[in-house]
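Enquirer:
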Amino acid sequence: MSDLMKVSSNPHIRSKATTSGIMGAVCVALLPATAFGVYNFGLHALLLILVTVASTVLTEFVYEKLMKKRVTVTDLSAMVTGLLLALNLPPAAPLWIGVIGGVFAILVVKMLFGGLGQNFMNPALGARCFLLISFTSIMTNFDCDAYTGATPLAALKAGESVNVMDMIIGRTSGTIGETSMIAIVIGACILILLDVIDLRIPGTYIVTFVIFITLFGGRGFDTAFISAQLAGGGLMLGAFFMATDYVTRPITKNGQYLFGIFLGIMTGIFRLFGPGAEGVSYAIILGNLLVPLIEKITVPKAFGKGGERV
1 MSDLMKVSSN PHIRSKATTS GIMGAVCVAL LPATAFGVYN FGLHALLLIL
51 VTVASTVLTE FVYEKLMKKR VTVTDLSAMV TGLLLALNLP PAAPLWIGVI
101 GGVFAILVVK MLFGGLGQNF MNPALGARCF LLISFTSIMT NFDCDAYTGA
151 TPLAALKAGE SVNVMDMIIG RTSGTIGETS MIAIVIGACI LILLDVIDLR
201 IPGTYIVTFV IFITLFGGRG FDTAFISAQL AGGGLMLGAF FMATDYVTRP
251 ITKNGQYLFG IFLGIMTGIF RLFGPGAEGV SYAIILGNLL VPLIEKITVP
301 KAFGKGGERV
């Protein structure tokens, strides 16, 4: 019999990529934003990052030891979760905030649902939203030694003018890792060049968001307003590093486009019509919850099913 007629058991597509390799690439891609955040906000920001990462890694290690499961901290997924969570924290937040957030991200969002690959939402964003609800005053206080006053997005929402170039460079208040659009884009380019992510979700997300705020922002196609909205807040960080999470994004191509469109619309709604100036975290978490429905709609039917004929 010809080799072409032999059928092996699934999976039929194999890859040399490993979880640790992918997570390592994400860590490397986050270095520019991390380094700029430390440079911008100082030593406390560095300590907050280290404590948060340590809390996620240690939580996963202790849980797996207590449950007598295989220790998986070497796959670096807990480190990525801790780093992403830290970059979404205010630079002057107390260190215990990073510990509580790190424990919640790993224990509640990840491990209690079965570990890596089973969590239904992005652990870092789940923890951030938990902290926002539980410790609102701390999580919305961006005053630090370097900057005081409202964030650029809050100022923009209040009708004040902002310096777009400062926002692109990162010379503004905000969370540790969201301020420098340049640093985030450099990291995103690293992920794209390493073939860790593609532009389906982030590209659709950003384009949809721009269209939405152009139509409903009340300023038309105002390039300064659009640029400020793109550079401010966690949109770029969320679009390239969290919306593209392998576990909580759709697996189908059409589903990824729908996912990006949903994120763009929801972020626009939160920013333009919500009480706060941000909305990326909640938009992505809501999108994560809709992933099963999106995949059900977009998954292709198997050959011969549903009455289709060639």
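When we follow my numbering, the leftmost residue of the sequence shown carries the number 1, and every step to the right adds one.
Note that CB positions come from ideal geometry on N, CA and C, so glycine has one too.
Computed from a prediction, not measured in an experiment: that's the story for all the values here.
Can you tell me whether Ser-8 is helix, strand or coil according to DSSP?
Expert: One-based indexing of the sequence shown puts residue 8 at position 8. Because Ser-8 sits at a pLDDT of 48, beneath the cut-off of 50, its placement in the model cannot be relied upon, and the following sentence gives the value as read from the coordinates. It is coil, neither helix nor strand.
Enquirer: Going by CA-CA distance only, name the one from Val-99, Val-109, Ser-77 and Gln-229 that's closest to Thr-151.
Expert: Numbered from its first residue, the sequence shown carries residue 151 at position 151. Cα-wise, what sits closest to Thr-151 is Gln-229.
Enquirer: Whole angstroms is fine: what's the gap from Thr-204's alpha carbon to Gly-42's?
Expert: As a first step, residue 204 must be located in the sequence shown, where it is residue number 204. As a first step, residue 42 must be located in the sequence shown, where it is residue number 42. For Thr-204 and Gly-42, the distance between alpha carbons rounds to 35 Å.
Enquirer: Which stretch, first to last residue, makes up the alpha helix (DSSP H) that contains Lys-296?
Expert: Taking the first residue of the sequence shown as 1, we reach residue 296 at position 296. 280-298 is the extent of the alpha helix (DSSP H) around Lys-296.
Enquirer: From Thr-56 to Ala-155, what distance separates their C-alpha atoms?
Expert: As a position in the sequence shown, residue 56 is number 56, starting the count at 1. As a position in the sequence shown, residue 155 is number 155, starting the count at 1. Looking at the two C-alpha atoms, the distance is approximately 34 Å.
Enquirer: Just tell me which of Leu-76, Ser-227, Ile-106 and Asp-198 has its CA closest to the CA of Val-162.
Expert: For this step, residue 162 is matched to residue 162 along the sequence shown. Looking at the Cα atoms, Ser-227 is the closest of the given residues.
Enquirer: Less than 8 Å between the CB atoms is what I'm expecting for Leu-272 and Ile-213, so what's the real figure, rounded?
Expert: Within the sequence shown, the letter at position 272 stands for residue 272. Within the sequence shown, the letter at position 213 stands for residue 213. The Cβ separation is near 7 Å, so the contact holds.
Enquirer: Tell whether a beta-carbon distance below 8 Å holds between Thr-175 and Leu-89.
Expert: For this step, residue 175 is matched to residue 175 along the sequence shown. For this step, residue 89 is matched to residue 89 along the sequence shown. In contact: Thr-175 and Leu-89 (Cβ atoms closer than 8 Å).
Enquirer: Which residue from Leu-194, Gly-114 and Ala-33 puts its Cα closest to that of Thr-72?
Expert: Mapped onto the sequence shown, residue 72 falls at position 72. It is Gly-114 whose Cα lies nearest to the Cα of Thr-72.
Enquirer: Quick check for students: name the residue ranges of the beta strand (DSSP E) that lie wholly in the region 37-71, counting only runs of 3 or more.
Expert: Whole beta strand (DSSP E) segments, 3+ residues: zero.
Enquirer: Tell me, please, whether the region 52-67 touches the region 78-93 by the rule of three or more beta-carbon pairs shorter than 8 Å.
Expert: Judged by Cβ distances under 8 Å, the region 52-67 makes contact with the region 78-93, as three or more pairs qualify.
Enquirer: Quick check on Phe-113: does DSSP put it in helix, strand or coil?
Expert: The residue you call residue 113 lines up with position 113 of the sequence shown. Helix.
Enquirer: Should Leu-215 be labelled buried (16 or more other beta-carbon atoms within 10 Å of its own) or exposed?
Expert: Within the sequence shown, residue 215 is the residue found at index 215, counting from 1. Answer is exposed; the Cβ neighbour count stays below 16.
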